[in-house]
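Just so we're aligned: the sequence shown equals residues -6 to 162 in our numbering.
All residues carry an ideal CB built from backbone N, CA and C; glycine is no exception.
Below is one structure; the comments refer to it alone.
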Amino acid sequence: MTDWIIPLLFTLLALLTLRRGTDPYEALLQGASEGLLLLPRLLPCLIALLTASAMLRASGFFDLLSTLLAPLLNTIGISAELLPLLLLQPLSGSGSMALAADLMAEHGADSEIGRMAAVLIGSNETTFYTIAVYFGAAGTQKSRYAVPAALIGDLAGMVTAIAAVKVLF
């Protein structure tokens, strides 16, 4: 059934558009052109965000930080190998997905680290990417309380994900 959801959704939208007396193809083109007008505002934010996350990962910063914080993390029951994933998750979905895949390949998907990586990937949003896209689309210059609130939500999601794996497995 899942193979039919997207085609059915497009068909339903086209029929609803026709019912309203609007040409669905013309409406699609208009929406696409409006989306392209947002691109100049969004692109600089996205490029900076993706570049920063790639630089942090490639520079070895995450590895150094993991080594330094390993004693503290082990004390609270978190493997230091998860720290790069915890730090990269709010920045980059694709980067954190690659880290999670590396952890699962190295330790196995059924290991505690593999399970934690999988649950962590599903427990949080890529906060900075989302804020960059939404605030860029809205033309908002100051995020004010959005970033701290989102990061608190990320922290809550991370703690809950780790606790859930510890309790359930």
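Alpha carbon to alpha carbon, how far is Leu42 from Leu65? Give it in angstroms, no decimals. 29 Å
CA-to-CA distance, Tyr122 to Leu31, given in whole angstroms: 15 Å
Expected contact under 8 Å - CB spacing of Val126 and Leu29 to nearest Å: Not really, about 15 Å apart at Cβ, beyond 8 Å.
Between the alpha carbons of Gly70 and Asp16, how many angstroms are there, rounded? 58 Å
Between Ala7 and the rest of its own chain, which residues show a CB-CB distance below 6 Å, the 5 nearest in sequence each way excluded? Pro17
Between the CA atoms of Glu19 and Thr10 - distance to the nearest angstrom: 10 Å
For Arg12, report the span of its alpha helix (DSSP H) as first-last. Thr(-5) to Arg12
Reference Leu84; option with closest CA among Ile155, Asp147, Thr153 and Leu58: Asp147
How far does the alpha helix (DSSP H) with Ile145 in it reach, from first residue to last? Ala139 to Leu161
Is Ile106 buried or exposed, if buried means 16 or more other CB atoms sit within 10 Å of its CB? buried
For Thr120 and Ala139, what's the separation of their Cα atoms in angstroms? 10 Å
Among Ala45, Leu80 and Ile40, which residue has its Cα nearest to the Cα of Ser59? Leu80
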